[in-house]
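Notes follow once the structure below has been shown.
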Amino acid sequence: LSTQPTIQSPAMPRPLPTRQGGASVSLQHIGFHYPSRPHQSALRDVTLHVNPGETVALVGPSGAGKTTVFQLLLRFYDVQSGRIELDGVSTKDLSLDTLRDRIGIVPQDSTVFSSSALENIRYGRPDATDAEVIEAAKAAHAHDFISQLPEGYQTFLGERGVRLSGGQRQRISIARAILKDAPLLLLDEATSALDTESERAVQAALEAAMQHRTTLVIAHRLSTVINADRIAVMDKGHLIDVGTHSQLMARCALYARLANAQFDDQAA
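According to the working numbering, the residues represented by the sequence shown are 413 to 680, in order.
Right under this line is the structure:
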């Protein structure tokens with residue numbers, strides 16, 4: 413219990429500028445290896461600039477470094493070389509609370525807590541009113557199925573959301589992110605197969621969540637990739653190309669191979 417965390421807020425944290433329409437993100441010559449694998453680089457000299465309001469899809473085979481980018485943005489780890497900036501400020505100069513308040517997350521495996529549907533969504537912003545929670549649920553296409561639960565929003569969802577389908581759990585998680593309303597959204601698309609109706613509802617919910625903010629998405633669906641403003645192709649810790657779908661199909665063999673495989677298990 414006396415062990416100090418290795419990642420701490422600075423003694424004199426800097427404020428972040430107030431900005432409408434999404435955050436800017438800058439990865440500058442990032443080099444990183446996990447502490448447990450000091451001789452194996454997870455990222456090598458990665459540079460990527462994301463403009464406010466832009467949607468950038470990260471694609472690549474398993475182990476390419478996509479999830480590592482998310483972990484470094486959240487400062488679960490610090491980079492060994494290079495610099496990460498959010499709205500022009502180094503993430504190391506921000507308090508952890510300030511940094512993480514500006515970032516919304518929709519993980520691949522949506523977490524549902526042992527509490528009511530209302531409180532599960534309110535976890536995104538604990539001071540939100542009931543009306544704000546319900547508005548977020550509507551935006552995430554979750555309101556209708558929640559309303560049909562035995563006690564509506566007061567229904568206890570059970571351990572890990574056992575009462576819900578996979579698509580319903582995802583929409584709870586998306587509603588949480590919409591309620592938080594952070595300027596940067598990190599989205600790790602679920603790879604689990606959904607029925608067609610759930611797939612449409614989840615896709616519509618994700619599109620709502622991505623509006624008016626900057627989004628970085630680890631993409632597994634070809635439709636998500638094609639609709640992104642830009643696509644960043646990663647392989648073995650390197651960022652090997654950035655462009656639109658048509659540009660990359662013409663010049664990036666790895667991207668063309670992944671796209672032709674519909675970003676199925678190869679991109680998991």
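The beta-carbon is built from N, C-alpha and C at its ideal position, and this holds for glycine as well.
Just so you know, these numbers come straight off a predicted model, no measurement behind them.
Below 7 Å CB to CB, which residues in the same chain sit around residue i once its five sequence neighbours on both sides are set aside?
i    : result
A404 : Past the boundaries of the shown model lies residue 404; the chain is included only from 413 to 680, so the question cannot be answered.
V501 : R426 and L428
M424 : none
L561 : A529 and T567
R575 : L569
Following the continuous alpha helix (DSSP H) through residue i, name the residue where it begins and the one where it ends.
i    : result
V481 : K478 to L485
H637 : Per the sequence shown, residue 637 should be read as Val rather than His. V637 -> alpha helix (DSSP H) spans L634 to N639.
V545 : D542 to A551
L511 : L508 to D513
M661 : H657 to R663
G578 : G578 to K592
A529 : A529 to R534
H555 : H555 to S559
Using alpha carbons as the reference points, say which of the options lies closest to residue i.
i    : options                   : result
A644 : R426, P473 and P422       : P473
T503 : A665, I419 and V468       : I419
E531 : Q520, P519, V545 and V518 : V545
L598 : G475, E466, A476 and L651 : E466
P464 : S610, A665 and T626       : T626
S577 : H461, E609 and I517       : E609
S453 : P427, H461, V468 and F444 : F444
P519 : T567, V637 and L486       : L486
V650 : L460, D607 and V468       : Here residue 650 is His; the residue named in the question, Val, does not match the sequence. The candidate whose alpha carbon is nearest that of H650 is L460.
T479 : R426, D556 and L455       : L455
P422 : Q566, Q560, E571 and S507 : S507
G475 : Y446, L498 and V462       : Y446
G512 : L484, I533 and R534       : The sequence shown places Arg at residue 512, not Gly. Nearest C-alpha to R512: L484.
V462 : H451, P450 and Q440       : Q440
A671 : I517, L618 and S635       : S635
In chain order, what residues of the same chain lie with their CB nearer than 6 Å to the CB of residue i, ignoring the 5 residues before and after it?
i    : result
S522 : R581, Q582 and S585
H657 : I638
I442 : L455, V458, V491 and G494
F482 : L598
G477 : A454, L455, M646 and G649
H555 : A549
Taking Cβ positions only, does residue i come closer than 9 Å to chain C?
i    : result
N463 : Going by chain labels, chain C is absent from the structure shown, which holds only one protein chain.
Please list the terminal residues of the continuous beta strand (DSSP E) segment that includes residue i.
i    : result
I496 : S493 to L498
V437 : V437 to F444
V355 : Since the displayed the chain opens at 413 and closes at 680, residue 355 lies outside it and no answer follows.
A469 : T467 to V471
I643 : R642 to D647
L597 : L596 to D600
R456 : L455 to V462
In chain order, what residues of the same chain have a beta carbon less than 8 Å from the beta carbon of residue i, not counting five sequence neighbours either side?
i    : result
Y667 : V471, I643, V645, D653, L660 and M661
R663 : D653 and G655
G564 : A529 and I558
The ligand ATP heavy atoms versus the CB of residue i: any closer than 8 Å?
i    : result
R633 : What this structure holds is no ligand at all, so the ligand ATP is not there to describe.
task: For the stretch 428-440 and the stretch 585-593, state whether three or more C-beta atom pairs, one from each stretch, are separated by less than 8 Å.
output: These segments do not touch.
message: Check whether the stretch 525-541 and the stretch 475-495 touch, using three or more Cβ-Cβ pairs below 8 Å as the test.
response: Contact fails: fewer than three Cβ-Cβ distances are below 8 Å.
query: What are the uninterrupted segments assigned as beta strand (DSSP E) that are 3 or more residues long and contained completely in the stretch 607-632, given in chain order?
result: If only complete runs of 3 or more residues are kept, the stretch 607-632 shows the beta strand (DSSP E) at 626-630, in order along the chain.
message: Does the contact criterion of 3 or more C-beta pairs under 8 Å hold for the stretch 530-545 versus the stretch 620-638?
response: No contact exists between the stretch 530-545 and the stretch 620-638.
- prompt: At a cut of 8 Å, does the stretch 628-639 reach the stretch 548-562 through at least three beta carbon pairs?
  reply: Contact between the stretch 628-639 and the stretch 548-562 is absent, because fewer than three Cβ pairs lie under 8 Å.
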